[in-house]
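Encoded as structure tokens, the structure appears first; notes follow it.
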Amino acid sequence: MAYETFKNNIIDSVRVFYWDGVKDGKEQYANEYKVRYSGKRCFEKSCQWFVKMKVLSKDDLNLIKFFTDLRNDIAHRFLKNICDDKFESIAKEYIQIMINMNYRIDNWWIREIEMTTNPESIPENAILEGAASVPTYLLSYIYDKYFKN
Numbered sequence: 585m586a587y588e589t590f591k592n593n594i595i596d597s598v599r600v601f602y603w604d605g606v607k608d609g610k611e612q613y614a615n616e617y618k619v620r621y622s623g624k625r626c627f628e629k630s631c632q633w634f635v636k637m638k639v640l641s642k643d644d645l646n647l648i649k650f651f652t653d654l655r656n657d658i659a660h661r662f663l664k665n666i667c668d669d670k671f672e673s674i675a676k677e678y679i680q681i682m683i684n685m686n687y688r689i690d691n692w693w694i695r696e697i698e699m700t701t702n703p704e705s706i707p708e709n710a711i712l713e714g715a716a717s718v719p720t721y722l723l724s725y726i727y728d729k730y731f732k733n
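The opening residue of the sequence shown carries number 585 in my numbering; numbering runs sequentially from there.
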């Protein structure tokens with residue numbers, strides 16, 4: 585679930601960036617989104633978009649590729665992995681890295697997108713340090729519940 589939440593947050597952020605309103609009851613997106621970021625490999629393309637925006641680094645991309653491979657391994661060999669003593673410590677470390685990446689993405693989004701395009705939506709005295717999206721808070725909550733017993 586941690587990986588899926590992380591992945592969806594990245595994909596949804598790029599999708600929302602290119603959102604162009606509603607027409608005839610259907611959401612509209614800029615043509616650039618349809619051509620570059622939707623369809624197959626949308627997660628990989630969305631991650632690359634955040635590299636282009638200087639939110640993620642190429643090292644982050646390598647980690648994300650590793651997380652994707654690890655997630656696939658866990659899903660395909662679930663029983664073997666769940667019985668592995670190293671699994672919990674690996675999961676703990678990598679979920680924390682995903683949470684940190686999500687916080688970076690969310691903070692960038694608030695400062696560079698929300699504050700520049702819709703400044704009236706942010707109260708003057710708002711404390712932005714540590715601000716995050718619901719998926720990031722959910723991931724942090726799960727992490728705290730599972731690993732901080």
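Every residue gets a Cβ at the ideal spot worked out from N, C-alpha and C, and that includes glycine.
- Phe-627 has its alpha-carbon roughly 16 angstroms from the corresponding atom of Pro-719.
- In terms of CA proximity to Asp-596, Ile-689 leads the group Lys-642, Leu-647, Ile-689 and Glu-677.
- When DSSP reads this structure, Trp-603 sits in a beta bridge with Tyr-613.
- Taken through DSSP and simplified to helix, strand or coil, Tyr-687 comes out as helix.
- Where Asp-644 is concerned, the enclosing alpha helix (DSSP H) starts and stops at 642-660.
- Residue range 718-731 is occupied by the alpha helix (DSSP H) that includes Ser-724.
- The Cβ-Cβ distance between Ile-679 and Ser-724 does not fall below 7 angstroms.
- Taking C-beta atoms as the reference points, Lys-629 and Tyr-621 count as a pair closer than 7 angstroms.
- The residue from Lys-642, Gly-605, Lys-624 and Ile-594 with its alpha-carbon nearest to that of Asn-691 is Ile-594.
- In this structure, Trp-633 lies near Val-598, with their beta-carbon atoms less than 7 angstroms apart.
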